[in-house]
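By the numbering used here, the letter at position 117 of the first sequence is numbered 134, and the numbering carries on one by one without gaps.
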Amino acid sequence: MNKIHPNTLIILLGPTGVGKTALSVQIANHFGTDIISCDSRQLFKEMTIGTAVPEPKLLQQIPHHFIQSNSIFENYNAARFETEVVELLEQLFINQPVVLMTGGSMLYIDAVCNGIDDLPDIDPELRATLKDRLKNFGIQHLRAELKMLDPDYYHEVDIRNPVRIIHALEICYTTGKTFTSQRTKTKKERDFKVIKIGLNRDRPELYDRIDQRVDEMMKAGLEQEARMLYPNRHLNTLNTVGYRELFDYFDGNCTLQQAIEKIKSNTHKYVRKQLTWFRKDPDIHWFHPVQEEEILQLITNYKLQIKN
RNA sequence: GGUGCCAUAGCUCAGUUGGUAGAGCAACGGACUGAAAAUCCGUGUGUCCCUAGUUCGAUUCUUGGUGGCACCA
Numbered sequence: 018m019n020k021i022h023p024n025t026l027i028i029l030l031g032p033t034g035v036g037k038t039a040l041s042v043q044i045a046n047h048f049g050t051d052i053i054s055c056d057s058r059q060l061f062k063e064m065t066i067g068t069a070v071p072e073p074k075l076l077q078q079i080p081h082h083f084i085q086s087n088s089i090f091e092n093y094n095a096a097r098f099e100t101e102v103v104e105l106l107e108q109l110f111i112n113q114p115v116v117l118m119t120g121g122s123m124l125y126i127d128a129v130c131n132g133i134d135d136l137p138d139i140d141p142e143l144r145a146t147l148k149d150r151l152k153n154f155g156i157q158h159l160r161a162e163l164k165m166l167d168p169d170y171y172h173e174v175d176i177r178n179p180v181r182i183i184h185a186l187e188i189c190y191t192t193g194k195t196f197t198s199q200r201t202k203t204k205k206e207r208d209f210k211v212i213k214i215g216l217n218r219d220r221p222e223l224y225d226r227i228d229q230r231v232d233e234m235m236k237a238g239l240e241q242e243a244r245m246l247y248p249n250r251h252l253n254t255l256n257t258v259g260y261r262e263l264f265d266y267f268d269g270n271c272t273l274q275q276a277i278e279k280i281k282s283n284t285h286k287y288v289r290k291q292l293t294w295f296r297k298d299p300d301i302h303w304f305h306p307v308q309e310e311e312i313l314q315l316i317t318n319y320k321l322q323i324k325n
């Protein structure tokens with residue numbers, strides 16, 4: 018006799034615009050669970066239209082977590098998300114055998130499933146200093162520094178990627194130890210099971226949905242939303258598809274029409290990047306949205322292999 | 001109707017003094033454990049409008065079409 022394992026986290030994932038929200042409602046209603054959003058941009062209360070936050074009606078119907086719960090002025094990252102979700106899951110599993118997490122932020126999903134190494138928080142001033150050095154002296158300068166402080170990581174890292182180099186230096190400076198020595202490369206043990214359900218569509222259909230959604234966002238007032246956020250444009254969180262293209266337009270670098278086209282093609286690019294990441298994960302059970310019924314059946318009949 | 005210009009990648013165009021071609025955008029692939037909708041790396045996908053000539057060889061030159069644009073009627 019099959020029985021769904023208590024403390025099971027169902028993860029509904031897939032590229033942006035594929036239609037995860039609609040299915041998540043079905044699954045949540047079916048199991049009577051909360052929904053944990055796994056979206057690194059819907060986290061922020063200052064953004065609504067451009068991040069395609071679910072309708073207020075829907076948010077009232079089913080308890081959601083991590084939707085517009087934080088401010089763009091705080092520092093947020095995958096490690097913090099991991100801690101907070103794991104904590105929340107402990108609470109939710111007391112009353113719910115199954116919890117649904119849905120979203121497309123790859124690293125955040127990975128952080129919840131496998132964990133992230135424990136590292137100290139980074140002083141924002143240190144990061145700013147390193148960024149300054151990158152700007153003034155070039156990436157070679159930072160490379161040389163990393164080669165000295167952590168030669169092992171220097172040989173491992175993509176030395177053309179400034180973000181990686183800066184991060185390693187941040188850890189070296191903050192801890193006084195090499196970054197390498199603090200990279201465990203191990204999965205954390207979780208006391209819950211995971212079922213990953215991937216949703217995908219044919220590329221042209223998906224792109225078409227995205228283009229329509231962008232047009233709808235513009236009708237809903239994305240330009241005004243972006244204009245209000247424009248003064249904070251240099252915050253990392255606002256380096257986001259849908260906003261940065263409009264900031265370019267406000268700066269006079271392109272026409273509104275060009276900005277809209279760019280939002281569309283950059284969203285297409287994001288989709289490809291998401292799929293590249295998801296493709297590597299053998300634990301994902303892939304479906305097309307028309308298979309909604311089948312997915313529900315498979316979950317309820319415990320036919321999907323449960324991954325740990 | 002006449003004259004002129006144009007026709008090359010999905011789009012906008014460059015180019016070959018005759019040896020089957022390359023940029024931007026788009027598209028596609030990949031890396032990625034504390035910025036991740038971020039950041040970084042890679043890939044040219046082609047009946048060079050059709051036809052008949054000249055030529056060892058034509059996308060390039062010539063003839064005749066077809067389509068588009070402009071100007072003149």
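All C-beta atoms in this analysis are idealised placements derived from N, C-alpha and C, irrespective of residue type, glycine included. Quantities reported herein were computed from a predicted structural model and do not represent experimental measurements.
Self-check item: Sequence-distant residues of its chain with Cβ nearer than 7 Å to Glu99 (five each side left out)
Solution: Ala128, Val129, Gly132 and Ile133
Practice problem: Tell me whether Asn385 is buried or exposed, calling it buried when 16 or more other Cβ atoms sit within 10 Å of its Cβ. | Solution: An answer regarding residue 385 cannot be provided, because it is not within the stretch 18 to 325 covered by the chain.
Exercise. Could you give the DSSP three-state label for Thr68: helix, strand or coil?
Key: coil
Quiz item: Does the distance from the C-beta atom of Ile183 to that of Leu124 stay below 8 Å?
Solution: no
Quiz item: By how many angstroms is the C-alpha of Ala69 removed from the C-alpha of Asn48?
Solution: The question names Asn, but residue 48 is Phe in the sequence shown. Spanning the two alpha carbons is a distance of roughly 25 Å.
Quiz item: With 16 as the cutoff for other CB atoms within 10 Å, does Lys281 come out buried or exposed?
Solution: buried
Quiz item: Based on the DSSP secondary-structure assignment, which residues constitute the bridge partners of Thr257?
Solution: DSSP lists no partner for Thr257.
Quiz item: Along the chain, which unbroken stretches of the beta strand (DSSP E) at least 3 residues long are found entirely within the segment 192-268?
Solution: 210-216
Self-check item: Whole-angstrom distance between Gln113 and Thr25, CA atom to CA atom
Solution: 9 Å
Exercise. Please look up how many angstroms separate the CB atoms of Leu223 and Gly34, rounded, as I've assumed it's under 8 Å.
Key: 6 Å
Practice problem: Can you tell me which of Asp138, Tyr170 and Arg181 puts its alpha carbon nearest to the alpha carbon of Leu151? | Solution: Arg181
Exercise. Would you kindly check if the distance between the Cβ of Leu30 and the Cβ of Lys213 is under 8 Å?
Key: yes
Self-check item: 4-residue-minimum alpha helix (DSSP H) runs that sit fully inside the segment 103-147, ordered along the chain
Solution: 123-131
Quiz item: Can Ile28 and Ile316 be called in contact, C-beta distance under 8 Å?
Solution: no
Quiz item: According to the Cβ coordinates, are Val102 and Ile53 closer than 8 Å?
Solution: yes
Quiz prompt | Minimum C-alpha distance to Gln77 - residue among Tyr93, Asn46 and Ala95 | solution = Asn46
Exercise. Tell me where the alpha helix (DSSP H) around Ser282 begins and ends.
Key: Leu273 to Arg296
Quiz item: In chain order, which beta strand (DSSP E) runs of at least 3 residues are fully inside the segment 141-192?
Solution: none
Practice problem: For Ser122, count neighbouring C-beta atoms within 10 Å of its own C-beta (all shown protein chains included) and say buried if the count is 16 or more, exposed if not. | Solution: buried
Practice problem: Starting from Ile89, trace the alpha helix (DSSP H) both ways and give me its first and last residue. | Solution: Looking at the DSSP string, Ile89 is not in any alpha helix (DSSP H), and its letter there is neither H nor E.
Quiz item: Measuring from the CB of Gln108, is there a heavy atom of the ligand COA at a distance below 7 Å?
Solution: As for the ligand COA, it is missing from this structure, which has no ligand bound.
Quiz item: How do the segment 224-241 and the segment 270-286 stand: do at least 3 beta-carbon pairs fall below 8 Å, yes or no?
Solution: yes
Practice problem: Counting only the same chain and skipping the five closest in sequence on each side, list residues whose C-beta sits under 8 Å from that of Ala237. | Solution: Ile66
Quiz item: Would the segment 187-206 and the segment 260-278 be scored as touching if the rule is three or more Cβ pairs under 8 Å?
Solution: no
Quiz item: Between Gln308 and Thr38, what straight-line distance do the alpha-carbon atoms span, to the nearest angstrom?
Solution: 15 Å
Practice problem: Label Leu186 either buried or exposed according to how many other C-beta atoms from any shown protein chain fall within 10 Å of its C-beta, with 16 as the threshold for buried. | Solution: buried
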